[in-house]
Amino acid sequence: MEIARHWRLKEQRYNLTGTVCQACGEKSFPPRQICPKCGAESSTPFPFSGRGEVYSFTTIYEVPNGYEEQAPYTVALVRLEEGPLVTAQLTDLGDLQPEIGMPVEMVTRRLRSDGDERGMLIYGYKFRPVLIG
Amino acid sequence: MTDVVIAGIGQTPVGEHWGTSLCSLAVQAIHAALEDAGGIKPQALFAANVLAPNLSRQAHVGTLLADYAGLTGIEAATIEVGGASGGAALRQAYLAVKSGLVEAALVVGVEKFTDGIGADLETAAATQTDNEYEAVHGITPTVQAALLARRYQHEFHLPADGLAGFPLTAHQNSIGNPYAMYHNQVALKTYQAAEPVCDPLNLFDIAPYADGAAAVLLTRLELLPSRLAHPVVRIAASASVSDTLGLHDRPDPLTFRAARQSVQTALDKAGLHLEQIDLFEYFDAFSIYAALSLEAAGFAPRGQGWKLATDGAIARTGQIPCATAGGLKARGNPLGATGVYQAVEATLQLQGRAGTNQIEGARAAMIQALSGPASLAVTHILESRE
């Protein structure tokens, strides 16, 4: 069930909160205690805007346990406008074909369900196309 | 300096071994290696395995295998670093023997996929990714590879069948390997007609998960029995390098940094140039990884690795023969065992025992095991002593 684990991740899952290094200014998602760029140990929370563009994407049909209801689904690497890449599903695509460079924004959706009727539902970030017009 | 040599090798056929347990597979490979080594007794066992805690509900694999192999009393440990586990276990044995603290060390890699079925396999495989930031989004190692393949095709303008040469070469080479999972050629038009599994990857871009076990016995040159029935192969270099676990944490996901660094370190330690490598057993868990590994090693510039498969450079008669016993694609990918299979296959080449797959005059072989998208890379260089 991992209840405490998912609760502990609520800032990342719901607000896309990473870290910014106080020494070099590097912004990281997932959050880091040690800056991956300069090695400094002084980081503070940084909420990302949730805006970015598709760096790459694919569609998966043979899915792990807990994802059967969503299959097939599209997964992407999203380049956030602040710099980092994030792994997440694309959602709300409708008839749109995803493509590299497509502008997307973060939304909160169900990530996984534990299956049985008493199972836990896990929510978190996905990305949807930014509709221009 | 002490020469660490391969005294014996053993392997089981790769495939779906429904009737054979994790333990039995490993013991078969161990006994074959001990027999090949002419009676040398190991003092340590390094067991490479990734998925037994998941699929077989079995942790503590090292001790279990030492026990069932009749080796109770020796040092035993399980080595797990994802797909590169077999390479990492080989390195642990190499370090143990090289240091002089252990006289003979046994490496066994074993994986038992058919203890699970269906979605359990993808679930187990996904534990190799960053659970909280990759697996929770429903991604698997195959998805990681597909994301890289899409980006690679985009940046370097590949045709849709640009990666076909890798599985075609692998299947060509596995025909002569009696231990391989597949013994059929694949035609280009078959590749072109295959349905996408995880687009742009199709069935032939993905090495099949399979059961299998392979073993290698290492010792020092002076401890070899005088009546050994085969030529001696030495481990000229060993290098292991980590990268970020998550694919998204790389500044440039299309550069396999760990693979590149481990090759450079291995070549330096062996005192060899890339041109002196006669064959390269890369880790083609996915065809895109073969291309990226060739680039990381320096055989091709960035974005050009795929062309080595289309122009015949990786064929047995080419400039740098690869996957000479079928690679992961056609020999099969028994995950934790795969790095040990690579060592067995390279040893057979250097001993002149590779049958119809023999690369004439092969003296130096490079083998490389990768975890996922080269989150960890272990490279060894093996050399014939003659």
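So the protein lines, in turn, are chains A and B. Be aware that the first sequence starts at 46, since it is given in my numbering, and climbs by one per residue. Be aware that the second sequence starts at 143, since it is given in my numbering, and climbs by one per residue. Here a beta-carbon is modelled for each residue, glycine too, at the ideal position from N, C-alpha and C.
- Query: What does DSSP give as the partner residues of Thr103 of chain A in its beta bridges?
  - Reply: A:Val120
- Query: Any beta-carbon of chain A closer than 7 Å to the one on Gly224 of chain B?
  - Reply: no
- Query: Taking all protein chains shown into account, do 16 or more other C-beta atoms lie within 10 angstroms of the C-beta of Lys55 of chain A, making it buried, or fewer, making it exposed?
  - Reply: exposed
- Going by beta carbon distance, what residues of the same chain come within less than 7 Å of Asp272 of chain B, once the five residues before and after it are set aside? Leu387, Gly388
- Task: Along the beta strand (DSSP E) that carries Gln170 of chain B, what are the first and last residues, could you check?
- Result: Taken as a continuous stretch (DSSP letters only), Gln170 of chain B belongs to no beta strand (DSSP E), being part of the alpha helix (DSSP H) at 164-178.
- Please list the segments of the beta strand (DSSP E) lying wholly inside the segment 347-401 of chain B, counting only runs of 3 or more residues, in order along the chain. 354-362, 375-384
- Query: Mapping DSSP to helix, strand and coil, what is His296 of chain B?
  - Reply: helix
- Task: Might you give, ordered along the chain, the residues of its own chain that have their beta carbon closer than 7 Å to the beta carbon of Ile79 of chain A, omitting 5 neighbours on each side?
- Result: Glu86
- Message: Can you check which of these residues, B:Gly225, B:Ser404, B:Ile501, is closest to Gly460 of chain B by C-alpha distance?
- Response: B:Ile501
- Item | Cross-chain neighbours of Leu389 of chain B in chain A, by beta carbon under 9 Å | Leu122, Leu130, Thr132
- the segment 458-477 of chain B in contact with the segment 252-263 of chain B per 3-pair CB rule at 8 Å: yes
- Query: Can you tell me the Cα-Cα spacing of Ser368 of chain B and Pro117 of chain A, whole angstroms?
  - Reply: 60 Å
- Please go through the same chain and pick out, in chain order, the residues whose beta-carbon is closer than 6 Å to the beta-carbon of Val383 of chain B, but skip the five residues on each side of it. Ala400, Gln403, Ser404, Ala519
- Where does Ser73 of chain A sit, in a helix, a strand or coil, going by DSSP? strand
- Under 9 Å by beta carbon: chain A residues contacting Asp347 of chain B: Simply none; closest approach about 12 Å.
- Item | Minimum length 4: unbroken alpha helix (DSSP H) runs contained in the segment 198-222 of chain B | 203-210
- Message: Against Phe300 of chain B, what residues of chain A qualify as contacts under a CB-to-CB distance less than 9 Å, listed in chain order?
- Response: Here the sequence assigns Leu to residue 300 of chain B, which means Phe is not the residue at that position. None at all; the shortest Cβ gap to chain A is about 14 Å.
- Task: For Leu156 of chain A, go through chain B and note every residue whose CB falls closer than 8 Å to its CB, in chain order.
- Result: Val278, His279, Gly280
- Message: Suppose the cutoff is 6 Å on Cβ atoms and the five residues either side in sequence are ignored; what does the same chain contact list for Ala357 of chain B look like?
- Response: Gly152, Ala171, Ile172, Ala175, Val250
- Query: When you compare only the Cα positions, how much space is there between Gln115 of chain A and Val156 of chain B?
  - Reply: 33 Å
- Take Ala485 of chain B as the anchor and find which of B:His202, B:Ala506, B:Ser435 has the nearest alpha-carbon. B:Ala506
- Task: Identify the continuous beta strand (DSSP E) that holds Pro90 of chain A and give its terminal residues.
- Result: 88-92
- Query: Assuming Ala247 of chain B contacts Ala238 of chain B under a Cβ cut-off of 8 Å, what Cβ separation, rounded to an integer in Å, is found between them?
  - Reply: 5 Å
- Query: If the cut is a Cβ gap below 7 Å, which residues of chain A does Asp341 of chain B touch?
  - Reply: Thr103, Thr104
- Which term fits Ser94 of chain A, buried or exposed, when burial requires 16 or more other beta carbons within 10 angstroms of its beta carbon? exposed
- Helix, strand or coil for Tyr275 of chain B per DSSP? coil
- Name the chain A residues that come within less than 9 Å of Leu289 of chain B, Cβ to Cβ? Tyr100, Ser101, Phe102, Thr103, Val120, Ala121, Leu122, Thr132
- Query: Out of curiosity, what's the CA-to-CA distance linking Gln142 of chain A and Arg154 of chain A?
  - Reply: 20 Å
- Beta carbon of Ala412 of chain B nearer than 7 Å to that of Ile523 of chain B: yes
- Specify, as a first and last residue, the run of the beta strand (DSSP E) that Gln510 of chain B falls within. 506-513
- Task: Could you tell me which residues DSSP pairs with Leu135 of chain A in its beta bridges?
- Result: A:Thr119, A:Phe172
- Listed from N- to C-terminal order along the chain, which residues in the segment 54-76 of chain A have their beta-carbon within a distance smaller than 9 Å of any beta-carbon of chain B? Leu54, Gln57, Arg58, Ser73, Phe74, Pro75
- How about the segment 160-171 of chain B and the segment 344-360 of chain B: do they share at least three Cβ pairs that are nearer than 8 Å? yes
- Item | Sequence-distant residues of the same chain with beta carbon closer than 8 Å to Tyr333 of chain B, five excluded per side | Asp303, Ala306, Pro309, Leu310, Asn344, Phe346
- Query: When burial is assigned at 16 or more other CB atoms within 10 Å of the CB, is Gly139 of chain A buried or exposed?
  - Reply: exposed
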